[in-house]
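A.B. asks: Top line first, the protein sequences correspond to chains A and B.
Going by our numbering, the first sequence opens with residue 21, and the numbers climb by one from there.
Going by our numbering, the second sequence opens with residue 2, and the numbers climb by one from there.
Glycine residues also receive a C-beta, built at the ideal position from the N, C-alpha and C atoms.
Keep in mind the model is a prediction, meaning the values are calculated, not measured.
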Amino acid sequence: MNAPLPAMLHDNPRLDRWIAFPTRGKVTVLTGRVELGQGVLTAMAQIASDELDVSLARIGVHSGDTETTPNEGYTAGSMSIQAGGIALRQACADVRALFMAAAAKRLACDPHVLSVRDGAILRDGQPTGEDYWTLAPQVNLAVAATGAGAAKPVSAFVAIGANTPRLDLPDKVFGAPAFIHDMRLPGMRHARVVRQPSRGASIATIDEAAIKRAAKAPVTLVRNGNFLAIVGDDETAVDRAAVAALTAINWNNVEQPAASQQEAAWLLQRPMVDIKFGAPEGTDTQGKQRFEATYTRGYLAHASISPSCGLALFKDGHLTVWTHCQGVFPLRGALARTLKLAPEQITVQHVQGSGCYGHNGADDAAADAAIIAMQTPGVPVRLRWRREEEFVYEPKTSAMVVKVRALVDANGKPADWTAEIWSGTHNGRPGSGANLLAAYALPEHPADPPLNDVPESNGGGATRNAEPLYDIPQKRILQHLVAETPVRVSSLRGLGAMPNVFALECAIDELAERAGVDPVAYRLSITGDPRARAVIEKVATMAKWDPQATGGTGIGSGIGFARYKNKAAYGAVVVELEVEEEIRLRHVWAAADAGLVVNPDGAINQLEGGIIQSASWVLKEQVRFDNGVASFDWETYPVLKFSEVPEIDIQLINTRDPVPLGVGEATAGPTAAAIGNAVSHALGARIRDLPLTRERIMAALLKD
Amino acid sequence: MTQTVNFEVNGKSVSVTPLSDDTPLLDVLRITLGLMGTRFGCGLEQCGCCTVLIDGAAEKSCAKPVYSVAGKAVVTIEGLGTKEKPHPLQQAFLDEQAGQCGYCLSGIIVSAKALLDKNPAPTRAEIAAALDGNICRCGSHNRILRAIEKAAVVMRNGGGR
Chain A
21 MNAPLPAMLH DNPRLDRWIA FPTRGKVTVL TGRVELGQGV LTAMAQIASD
71 ELDVSLARIG VHSGDTETTP NEGYTAGSMS IQAGGIALRQ ACADVRALFM
121 AAAAKRLACD PHVLSVRDGA ILRDGQPTGE DYWTLAPQVN LAVAATGAGA
171 AKPVSAFVAI GANTPRLDLP DKVFGAPAFI HDMRLPGMRH ARVVRQPSRG
221 ASIATIDEAA IKRAAKAPVT LVRNGNFLAI VGDDETAVDR AAVAALTAIN
271 WNNVEQPAAS QQEAAWLLQR PMVDIKFGAP EGTDTQGKQR FEATYTRGYL
321 AHASISPSCG LALFKDGHLT VWTHCQGVFP LRGALARTLK LAPEQITVQH
371 VQGSGCYGHN GADDAAADAA IIAMQTPGVP VRLRWRREEE FVYEPKTSAM
421 VVKVRALVDA NGKPADWTAE IWSGTHNGRP GSGANLLAAY ALPEHPADPP
471 LNDVPESNGG GATRNAEPLY DIPQKRILQH LVAETPVRVS SLRGLGAMPN
521 VFALECAIDE LAERAGVDPV AYRLSITGDP RARAVIEKVA TMAKWDPQAT
571 GGTGIGSGIG FARYKNKAAY GAVVVELEVE EEIRLRHVWA AADAGLVVNP
621 DGAINQLEGG IIQSASWVLK EQVRFDNGVA SFDWETYPVL KFSEVPEIDI
671 QLINTRDPVP LGVGEATAGP TAAAIGNAVS HALGARIRDL PLTRERIMAA
721 LLKD
Chain B
2 MTQTVNFEVN GKSVSVTPLS DDTPLLDVLR ITLGLMGTRF GCGLEQCGCC
52 TVLIDGAAEK SCAKPVYSVA GKAVVTIEGL GTKEKPHPLQ QAFLDEQAGQ
102 CGYCLSGIIV SAKALLDKNP APTRAEIAAA LDGNICRCGS HNRILRAIEK
152 AAVVMRNGGG R
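1) By Cβ distance, which residues of its chain are closer than 6 Å to residue 93(B), with the 5 residues on each side in sequence left out?
2) Three-state secondary structure (DSSP) at residue 153(A)?
3) Per DSSP, which one or two residues make a beta bridge with residue 225(A)?
4) Looking at the C-beta of residue 654(A), does it have a partner C-beta in chain B at a distance below 8 Å?
5) Between the beta-carbon of residue 498(A) and the beta-carbon of residue 434(A), is there less than 8 Å?
6) For residue 24(B), go through chain A and note every residue whose CB falls closer than 8 Å to its CB, in chain order.
7) Indicate whether at least one CB of chain A lies closer than 8 Å to the CB of residue 133(B).
8) Going by beta carbon distance, what residues of the same chain come within less than 6 Å of residue 279(A), once the five residues before and after it are set aside?
9) Can you give me, in chain order, the residues of the segment 101-113 of chain B that have a beta carbon less than 8 Å from any beta carbon in chain A?
10) For the segment 625-655 of chain A, list the beta strand (DSSP E) runs that are entirely contained and at least 3 residues long, ordered along the chain.
11) With respect to the alpha helix (DSSP H) encompassing residue 388(A), which residues constitute its N-terminal and C-terminal limits?
12) I'd like to check one pair, residue 527(A) with residue 594(A): are the Cβ atoms closer than 8 Å?
13) So residue 341(A) and residue 330(A) are supposed to be a Cβ contact under 8 Å. How far apart are they, rounded?
14) Do residue 621(A) and residue 183(A) have their C-beta atoms closer together than 8 Å?
15) Below 8 Å on C-beta distance, what does residue 77(B) contact in chain A?
16) Candidates 138(B), 116(B), 28(B), 159(B): which alpha carbon is nearest residue 738(A)'s?
17) What would DSSP say about residue 622(A), mapped onto helix, strand or coil?
18) Taking 8 Å as the threshold, find out whether the segment 712-719 of chain A comes into contact with the segment 541-548 of chain A through three or more Cβ pairs.
19) Do you know offhand how far residue 264(A)'s Cα is from residue 461(A)'s?
20) Who does residue 680(A) pair with in a DSSP beta bridge?
21) Let me know the secondary structure DSSP gives residue 559(A) once reduced to three states.
22) Under 9 Å between beta-carbons, which chain B residues line up against residue 169(A)? List them in chain order, please.
23) For a test of the three-state rule: what should DSSP assign to residue 352(A), helix, strand or coil?
24) Check each residue of the segment 320-331 of chain A: if its Cβ is closer than 9 Å to any Cβ of chain B, include it; give the result in chain order.
25) For residue 312(A), which residues does DSSP report across the bridge?
26) Any beta carbon from chain A within less than 8 Å of residue 149(B)'s own beta carbon?
27) Tell me whether the beta-carbon of residue 144(B) lies closer than 8 Å to the beta-carbon of residue 91(B).
28) For residue 237(A) and chain B, any beta-carbon pair shorter than 8 Å?
29) Just confirm the distance between the C-beta atoms of residue 699(A) and residue 576(A), as a whole number of angstroms; I'd bet it's less than 8 Å.
30) At a Cβ cut of 7 Å, what residues of the segment 633-665 of chain A count as close to chain B, listed as they run along the chain?
31) Buried or exposed, going by whether 16 or more other CB atoms sit within 10 Å of the CB of residue 718(A)?
32) Using a beta-carbon distance cut-off of less than 7 Å, what residues from the segment 176-187 of chain A approach chain B?
33) Pull up the distance between the alpha-carbon of residue 159(B) and that of residue 192(A), whole angstroms please.
34) Nearest chain A C-beta to residue 41(B) closer than 8 Å, yes or no?
35) Between residue 156(B) and chain A, is there a C-beta pair that is closer than 8 Å?
36) Can you check which of these residues, 41(B), 69(B), 55(B), 135(B), is closest to residue 202(A) by C-alpha distance?
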């Protein structure tokens, strides 16, 4: 009896969707997971290297292609190794077993005497003259996985667990055409969209002459309803025309987000759907102290460094789209519904863009290119957003209000915990309906899906990590899913985890302070999970945590902990900082337990990136509204600079556990909380609203 | 009325006739000359993805009219080294695995080259200050700083150009 197949292999059982032997001496790994800068393609090659017994040099990776690769949904949620890698591992084991059976048949021997060394079949350790490529014509991989192949034990891994250099990095260091922005197709034309300023806005007047005059080279306008694009052979001219179009076109029915809608508290009084999880209310309050505190975070931008880009070609009734989005299959579905094509008429192929950190403008740019391509059959179209367009029109992550209520027992420990959350959805991705920006400018668009958030089985959206992992007898979540937000919202790295972990871990510190217990000792006193204890203890040791450190001196340290989604990697972070008018981070330490780690240096790179990005969110970032999105460039939406980045030390523990746990988002929440707690320690005053701006620091100091 | 402009790119003379007086150098590099290594990030001289050397100084090319480089020497990431013969900075970035998505790296490596040519032994704070005009959104900053420190040592020991 074979073990059940990993979910992704169950959904994509055909082995030739995972592994191919294209030419002599080469192996192609096919994966639905795409490279976003996280090193996933390298990790997949390492997995295949071990399970197939072929050297890394023989392995090429092809990813995110609706024609050839498995449908693994989105590359998101720290699931690439935990789900995709596990599926690839079993697929490789099954492939290997099929080859061993074929070899045994050809060599007329027992398969148990056979082994593989770099693709060559050995019998009792001796060469047989057979290898994967001599046997490939006889081995049919167009069959379903069975789970019959035995994946290797951890002790047999060679490539898995090694710091293999990233396969994609050399092109980026030498300036090769590594990105979708660098793609050139024969006869390709360049395009920019003149964005519909808001959903429902309609074109009133177009000064076409002014646009063409500004271009200084021939451009044409492509229009479909209120979708308008400028197309031409000369990208510089198209760009000039697009800028001119901002003032040469007048729109009716424009609605813009107002300054009064900018802060999270605006969400409190909106139409909403209430959802409850966890313990029923009504815990006995006898002998218990009440604690209540409210934490907020504003809207954030993904702020990808490259503006989104998409290429498309509609030829002979078939649409081909090149995109840097996170999910080629969901995008294909959304395009099919929007353009009224059958999914089989559309091919979507991933090409690398810059880091996206969630649902940025990539899908929308692909849709823009596709709509233009449908109107210019036979002509490849390259569509690129302008920087302002990326900031203003990318989906934001929703502002959130998190109110923590706790009942504290006579020992100062929480006996009852409620996280009450107000947020828009974190699930605005293409997948059902259209959720493609340009779709709403077309004369008809698919019906919107009913209001929903990411399901709890996938870790939740606004509720992600709202439930503390700590040993608390009664825990519940009250979610208020706000129906409409001032700007379009969707998924940003970690979804609700950052504001939720900030809230709950700041609240834990507040409870520790009430109890007169050191924050590290307090956490350990309510933590039974040995792996959670291990990362907390580890990071305290790394940071030389001092339980006696005096507060209110302007220098502070703080800790934050979470297990991402309460089921992925464990992360604990300590931050040391100083506060005058502004916060200066001095040093960050992190310990993480991600179980089996395929590429430790890659995992550390991700954890470190999560720390820096979270620090940037907490110290600097908020999307401003002022009769429109007022954060439209890097000056109005500043992020952490090189000179503001602290020293960072990271250690992974338990890396040879057999089960990998998603690691990419494990430090973002704990970092936010550790900064919040360290600021409180430094100031002797608590700031519960993010970002921790100079104004908020001054206000906190004045209040005390 | 546009005129031909002559300058040097990566040691070779080029002669181009831009679309208009304000055609940015970046467009000429990427579109006319096909040098894709210099990336477009913002067009506002804010993010540093498009950084090139102009007569040895790190400059943003996305909003700089190509006419302003007439008679000058421009060096792009492609002019530093190749996979076969990497510049010490490029080798150090690979050794330190200094990058995630890598979109910012061309501009950062070029900025670092300008710094090290001027100051062969910078402190970490000096390197960070020199890179404050380059944005990295993935959070590879510390690896990048380590790589530049490492390259500086190699170049001081005669490995530079």
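C.D. replies: Judging by the given coordinates:
1) Your numbering for residue 93(B) matches position 92 in the second sequence. 148, 151, 152, listed in sequence order.
2) Within the first sequence, numbered from 1, the residue matching residue 153(A) stands at position 133. If DSSP states are grouped into helix, strand and coil, residue 153(A) belongs with the helices.
3) Stepping through the first sequence from its first residue, residue 225(A) is reached at position 205. Its beta-bridge partners are 270(A).
4) Against the first sequence, residue 654(A) aligns to sequence position 634. Closer than 8 Å to some Cβ of chain B, the Cβ of residue 654(A) qualifies, so yes.
5) On the first sequence, residue 498(A) is found 478 positions in, with the first residue counted as 1. On the first sequence, residue 434(A) is found 414 positions in, with the first residue counted as 1. In this structure, residue 434(A) does not lie closer than 8 Å to residue 498(A) by Cβ.
6) Taking the first residue of the second sequence as position 1, residue 24(B) is located at position 23. Here the neighbours are 256.
7) Taking the first residue of the second sequence as position 1, residue 133(B) is located at position 132. Judged by the 8 Å Cβ criterion, residue 133(B) is in contact with chain A.
8) As a first step, residue 279(A) must be located in the first sequence, where it is residue number 259. Contacts found: 645, 646.
9) 101, 102, 103, 104, 105, 106, 107, 110
10) none
11) In the first sequence, counting from the first residue as 1, residue 388(A) sits at position 368. Per DSSP, residue 388(A) belongs to the alpha helix (DSSP H) from 382-395.
12) The residue labelled residue 594(A) in the question sits at position 574 within the first sequence. The residue labelled residue 527(A) in the question sits at position 507 within the first sequence. Cβ atoms of residue 594(A) and residue 527(A): not closer than 8 Å.
13) Position 321 of the first sequence, counted from the start, is the residue given in the question as residue 341(A). Position 310 of the first sequence, counted from the start, is the residue given in the question as residue 330(A). About 7 Å; that satisfies the 8 Å criterion.
14) Position 601 of the first sequence, counted from the start, is the residue given in the question as residue 621(A). Position 163 of the first sequence, counted from the start, is the residue given in the question as residue 183(A). Going by C-beta atoms, residue 621(A) is nearer than 8 Å to residue 183(A).
15) What you label residue 77(B) is simply residue 76 of the second sequence in a count that begins at 1. Here the neighbours are 195.
16) In the structure as shown, chain A begins at 21 and stops at 724. Residue 738(A) is therefore absent and cannot be evaluated.
17) Translated into the one-based positions of the first sequence, residue 622(A) becomes position 602. Helix.
18) no
19) Against the first sequence, residue 264(A) aligns to sequence position 244. Against the first sequence, residue 461(A) aligns to sequence position 441. Approximately 20 Å, taken between the alpha carbons.
20) On the first sequence, residue 680(A) is found 660 positions in, with the first residue counted as 1. DSSP lists 615(A) as partners of residue 680(A).
21) The residue you call residue 559(A) lines up with position 539 of the first sequence. Helix at residue 559(A).
22) Residue mapping note: residue 169(A) aligns to position 149 of the first sequence, counting from 1. Result: empty, since nearest Cβ-Cβ is about 32 Å, beyond 9 Å.
23) Position 332 of the first sequence holds residue 352(A). Three-state result, residue 352(A): helix.
24) 322, 323, 324, 325, 326, 327
25) Here residue 312(A) is taken as the residue at index 292 of the first sequence, counted from 1. 425(A).
26) The residue given as residue 149(B) occupies position 148 in the second sequence. No, no contact with chain A.
27) The residue given as residue 144(B) occupies position 143 in the second sequence. The residue given as residue 91(B) occupies position 90 in the second sequence. It is not a contact, given that the beta carbons lie outside the stated cut-off.
28) Position 217 of the first sequence, counted from the first residue, corresponds to residue 237(A). Answer yes: the Cβ-Cβ gap between residue 237(A) and chain B drops below 8 Å somewhere.
29) As a first step, residue 699(A) is located in the first sequence; it is residue number 679 there, counting from the start. As a first step, residue 576(A) is located in the first sequence; it is residue number 556 there, counting from the start. 6 Å between Cβ atoms; contact.
30) 633, 653, 654, 655, 659, 661, 662, 663, 665
31) Counted from its first residue, the first sequence places residue 718(A) at position 698. Burial call: exposed.
32) 185, 186
33) Here residue 159(B) is taken as the residue at index 158 of the second sequence, counted from 1. Here residue 192(A) is taken as the residue at index 172 of the first sequence, counted from 1. Cα-Cα distance, rounded: 25 Å.
34) The sequence position of residue 41(B) within the second sequence is 40, counting from 1. Closer than 8 Å: yes.
35) Residue mapping note: residue 156(B) aligns to position 155 of the second sequence, counting from 1. No, residue 156(B) does not count as interfacial toward chain A.
36) For the purposes of this step, residue 202(A) is taken as residue 182 along the first sequence, with counting starting at 1. Per the Cα distances, 41(B).
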